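Q: Listed in order, the protein sequences are those of chains A and B. Here the first sequence is numbered in this note's numbering, starting from 489 and rising by one per residue. Here the second sequence is numbered in this note's numbering, starting from 489 and rising by one per residue. There's a structure below that I have some questions on.
Protein chains: 2
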Amino acid sequence: MPVAQLTILGVGLLGGSVGLAAKARGVALRVRGVGRDERNLARAVSSGAIDSFSTDVTEAVADADIVVICTPVDRIADDVLAVAKAAPPHCLITDVGSTKGNILAALAGKLSATGPTFVPAHPLAGSEKRGSANASADLFRDRLVITTPTADTDGEATAAVEYFWRQLGARVLRMTPEDHDHALAFTSHLPHAVASALAAVTPTGWLNLTAGGFRDSTRIAAGDPDLWAAIFEANGPAVLGAVDRFLLRIQDFRRIVAAGDHAGLIHWLAEGKRVRDALGS
Amino acid sequence: MPVAQLTILGVGLLGGSVGLAAKARGVALRVRGVGRDERNLARAVSSGAIDSFSTDVTEAVADADIVVICTPVDRIADDVLAVAKAAPPHCLITDVGSTKGNILAALAGKLSATGPTFVPAHPLAGSEKRGSANASADLFRDRLVITTPTADTDGEATAAVEYFWRQLGARVLRMTPEDHDHALAFTSHLPHAVASALAAVTPTGWLNLTAGGFRDSTRIAAGDPDLWAAIFEANGPAVLGAVDRFLLRIQDFRRIVAAGDHAGLIHWLAEGKRVRDALGS
Chain A
489 MPVAQLTILG
499 VGLLGGSVGL
509 AAKARGVALR
519 VRGVGRDERN
529 LARAVSSGAI
539 DSFSTDVTEA
549 VADADIVVIC
559 TPVDRIADDV
569 LAVAKAAPPH
579 CLITDVGSTK
589 GNILAALAGK
599 LSATGPTFVP
609 AHPLAGSEKR
619 GSANASADLF
629 RDRLVITTPT
639 ADTDGEATAA
649 VEYFWRQLGA
659 RVLRMTPEDH
669 DHALAFTSHL
679 PHAVASALAA
689 VTPTGWLNLT
699 AGGFRDSTRI
709 AAGDPDLWAA
719 IFEANGPAVL
729 GAVDRFLLRI
739 QDFRRIVAAG
749 DHAGLIHWLA
759 EGKRVRDALG
769 S
Chain B
489 MPVAQLTILG
499 VGLLGGSVGL
509 AAKARGVALR
519 VRGVGRDERN
529 LARAVSSGAI
539 DSFSTDVTEA
549 VADADIVVIC
559 TPVDRIADDV
569 LAVAKAAPPH
579 CLITDVGSTK
589 GNILAALAGK
599 LSATGPTFVP
609 AHPLAGSEKR
619 GSANASADLF
629 RDRLVITTPT
639 ADTDGEATAA
649 VEYFWRQLGA
659 RVLRMTPEDH
669 DHALAFTSHL
679 PHAVASALAA
689 VTPTGWLNLT
699 AGGFRDSTRI
709 AAGDPDLWAA
719 IFEANGPAVL
729 GAVDRFLLRI
739 QDFRRIVAAG
749 DHAGLIHWLA
759 EGKRVRDALG
769 S
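In structure tokens form, the structure reads like this:
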């Protein structure tokens, strides 16, 4: 049974993909988009990601059954509060934020138990590309969506939001917000910082001397600085922990190479290969 | 005009691709492979990468017009000497080594001016995959091959070897061995160490929490530890210089995040994005 109205706040790569997937899979009868940039919203209507749009949150969620917040992580908590105030009590709210602890901390004690329920989520899908023009109905297919309900989150609402993400093609894994932020610091946030550093230390005059290895290992450095700054700030302590662990590992490498420790170098490289091989190609 | 005989030492991913490309493009009438593992060599005959093989270098290069050495960087200099002793005087010798200074240093004063000429080369092509089974006739197409002749290298031989690589589909750029090793420390060797470190610090239990970013940025960590240990050892000082530059950059990041310096973080990320955007997707 499709819901009557899905509203998407922030119609970029992720928001546009939520709309395309929801329509392609018959998850919602009507999809409304909310944003600031009317030209972007009009393009999203043309591409079929949304059916209609508004620049006014209150108006756009008044009849919503489910709202997906796809704004940057430093704006999600405020957007949840704005939606919760204007949406009907049965409405479900979820998000796509790459960090969870900061959002839940900002919301603590501020949501009414009788109003709309917020079930935090993070789809492990995305791209260094931005905008609804790069959106895809298949962005979530076979990808993992992590939900991070707390002890206060209504169980039925959590199940319903998880079902919604599965309808978009995703697999769902439930974690605590703390575990999510700790793990993602290593599996997503640290790689972004490292890719950016690798790119930044390379003189542009040498870019013609790169091959596939450099291209792959720096690809995510093209991501949007504003979005990523917000992520690093929202998950500061866990990111710093991952950075420290990584720095020790690189300093090990430095020591081993400087010492000419052949067996140590093979061993060091084999440890990284073992983990990467476990991931598969 | 094809050469009569091309001999390839080391018939793996690169050596097999030299053979396939040479045959597909009519560069050589006969392609011989040399190696230690007869089963691997027999497979390379079946796949068409070579026409025949030998486990004896002396025998395999006796009639060679051009020899391509595709062995690990710590064996190339010895292989050049072995080939130069057994090949006819007009024979050209080139290689695919990822480092150049160590090879030229090991050869200094050891090659006869009247014997075969060695023209060092490094095709910026490869893969974390190994073996002639992954070889491709198109591996070098539109890829860069860097040649590093010295003041002692015969000019005609250099031009002939560069023509050979162009016949395999590559573009050729001539550099000094020192410039090559300095630049490749940043564009290839550092990224490998960094990818390995990123993979190694990630608990395997969190690999299901990775997405495309982690996958791309760690892909090369699956490379062969023996081959890469030899590369890091051969280019130690330049690699350590690149590592130090990179460490400073990551330490900058750490300081900026710890200080909550929003503008500094945006700026730090924008510098990496600028370089990566200059490379293109």
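Backbone N, C-alpha and C define an ideal beta-carbon position, used for all residues, glycine too. What you are looking at is a predicted structure, and each value in this text was computed from that prediction instead of being measured.
Report yes if the CB atom of residue 553 of chain B is closer than 8 Å to the CB atom of residue 559 of chain B, and no otherwise.
A: Contact flag unset, no.
Q: Mapping DSSP to helix, strand and coil, what is residue 686 of chain A?
A: Reduced to three states, the DSSP call for residue 686 of chain A is helix.
Q: Between residue 589 of chain A and chain B, is the shortest Cβ-Cβ distance under 8 Å, so that the two count as touching?
A: Not one chain B Cβ lies under 8 Å of residue 589 of chain A.
Q: Taking the continuous beta strand (DSSP E) assigned at residue 557 of chain A, which residues delimit it?
A: Start and end: 554-557.
Q: Using only the alpha-carbon positions, how far apart do residue 608 of chain A and residue 637 of chain A sit?
A: Near 6 Å, if we compare the C-alpha coordinates of residue 637 of chain A and residue 608 of chain A.
Q: Chain A partners of residue 559 of chain B, CB-CB under 9 Å?
A: Those do not exist, as residue 559 of chain B stays about 17 Å from chain A at its closest Cβ, beyond 9 Å.
Q: In terms of alpha-carbon separation, which member of A/520, A/536, A/562, A/768 lies closest to residue 699 of chain B?
A: Measuring from the Cα of residue 699 of chain B, the nearest candidate turns out to be A/768.
Q: Counting Cβ pairs, one atom from each stretch, are 3 or more of them under 8 Å apart for the segment 538-553 of chain A and the segment 621-632 of chain A?
A: Too few Cβ pairs lie closer than 8 Å, so no.
Q: Our contact map puts residue 669 of chain B next to residue 589 of chain B with C-beta atoms below 8 Å; I'd like the distance itself, whole angstroms only.
A: Their Cβ separation, rounded to whole angstroms, is 5 Å, which keeps residue 669 of chain B and residue 589 of chain B in contact under 8 Å.
Q: Taking DSSP as the reference, what is the three-state secondary structure of residue 538 of chain B?
A: Note: residue 538 of chain B maps to coil in three-state DSSP.
Q: For residue 739 of chain A, count neighbouring C-beta atoms within 10 Å of its own C-beta (all shown protein chains included) and say buried if the count is 16 or more, exposed if not.
A: Exposed is the call here.
Q: Quick check for students: name the residue ranges of the alpha helix (DSSP H) that lie wholly in the segment 584-624 of chain B, counting only runs of 4 or more.
A: 589-595, all fully within the segment 584-624 of chain B.
Q: Just checking: is the beta-carbon of residue 586 of chain A within a distance shorter than 8 Å of some beta-carbon in chain B?
A: No, residue 586 of chain A does not count as interfacial toward chain B.
Q: Between the Cα of residue 745 of chain B and the Cα atoms of A/745, A/737, A/759, A/730, which residue gives the shortest distance?
A: Here the closest residue by C-alpha is A/730.
Q: First and last residue of the alpha helix (DSSP H) that includes residue 706 of chain A?
A: First-last of the alpha helix (DSSP H) with residue 706 of chain A: 700-706.
Q: If you draw a straight line from the C-alpha of residue 509 of chain A to the C-alpha of residue 626 of chain A, how long is it?
A: In a straight line, the C-alpha of residue 509 of chain A is about 6 Å away from that of residue 626 of chain A.
Q: Between residue 669 of chain B and chain A, is there a C-beta pair that is closer than 8 Å?
A: Judged by the 8 Å Cβ criterion, residue 669 of chain B is not in contact with chain A.
Q: Start and end of the alpha helix (DSSP H) containing residue 722 of chain B?
A: Note, residue 722 of chain B: alpha helix (DSSP H), 713-722.
Q: What separation, rounded to the nearest whole angstrom, lies between the Cα atoms of residue 489 of chain B and residue 652 of chain B?
A: Using only the alpha carbons, I get a separation of about 11 Å.
Q: Taking 8 Å as the CB-CB limit, is residue 760 of chain B close to chain A?
A: Yes, its Cβ sits closer than 8 Å to a Cβ of chain A.
Q: Taking all protein chains shown into account, do 16 or more other C-beta atoms lie within 10 angstroms of the C-beta of residue 610 of chain A, making it buried, or fewer, making it exposed?
A: Counting Cβ neighbours within 10 Å, residue 610 of chain A comes out buried, since at least 16 surround it.
Q: Over what stretch of residues does the beta strand (DSSP E) that includes residue 661 of chain A continue unbroken?
A: Per DSSP, residue 661 of chain A belongs to the beta strand (DSSP E) from 659-662.
Q: In the structure shown, what three-state DSSP assignment does residue 735 of chain A receive?
A: Residue 735 of chain A falls in the helix class under three-state DSSP.
Q: Among A/629, A/742, A/587, which has the Cα closest to the Cα of residue 635 of chain A?
A: Comparing Cα positions, the closest option is A/587.
Q: Could you please give me the residues that DSSP links to residue 516 of chain A through a beta bridge?
A: Paired residue(s): A/491.
Q: Relative to the alpha-carbon of residue 770 of chain B, which residue among A/517, A/506, A/706, A/764 has its alpha-carbon at the smallest distance?
A: Lying before the first or after the last residue shown, residue 770 of chain B is absent from chain B, which here runs from 489 to 769.
Q: Taking only beta carbons into account, state which residues of the segment 567-586 of chain A come closer than 7 Å to chain B, listed in chain order.
A: Residues passing the 7 Å Cβ filter: none.
Q: Could you say which of B/691, B/677, B/492, B/550 lies nearest to residue 721 of chain B if we only look at CA atoms?
A: That would be B/677, whose Cα lies nearest to the Cα of residue 721 of chain B.
Q: Name the residues in the segment 671-685 of chain A whose C-beta lies less than 8 Å from a C-beta of chain B; which are they?
A: Here the close residues are 671, 672, 674, 675, 676, 678, 679, 680, 681, 682, 683, 684, 685.
Q: By alpha-carbon positions, which one of A/524, A/613, A/577 ends up nearest to residue 600 of chain A?
A: Of the candidates A/524, A/613, A/577, the one whose C-alpha sits nearest the C-alpha of residue 600 of chain A is A/577.
Q: Take residue 657 of chain B and list the residues in its own chain whose beta-carbon comes closer than 8 Å to its own, dropping the five residues that flank it on each side.
A: Within the same chain, residue 657 of chain B has close Cβ partners 509, 513, 626, 628, 629, 630, 631.
Q: Straight-line CA distance for residue 647 of chain A to residue 529 of chain A?
A: Computed Cα separation, rounded: 30 Å.
Q: On the three-state DSSP scale, how would you describe residue 522 of chain A?
A: If DSSP states are grouped into helix, strand and coil, residue 522 of chain A belongs with the strands.
Q: Between the C-alpha atoms of residue 603 of chain B and residue 532 of chain B, what's the straight-line distance to the nearest angstrom?
A: C-alpha separation (whole angstroms): 30 Å.
Q: Measure from the alpha carbon of residue 717 of chain A to the alpha carbon of each residue in A/561, A/697, A/671, A/605, then state which is nearest.
A: Of the candidates A/561, A/697, A/671, A/605, the one whose C-alpha sits nearest the C-alpha of residue 717 of chain A is A/561.
Q: In whole angstroms, give me the CA-to-CA distance for residue 650 of chain A and residue 659 of chain A.
A: Residue 650 of chain A and residue 659 of chain A: Cα-Cα distance of roughly 9 Å.
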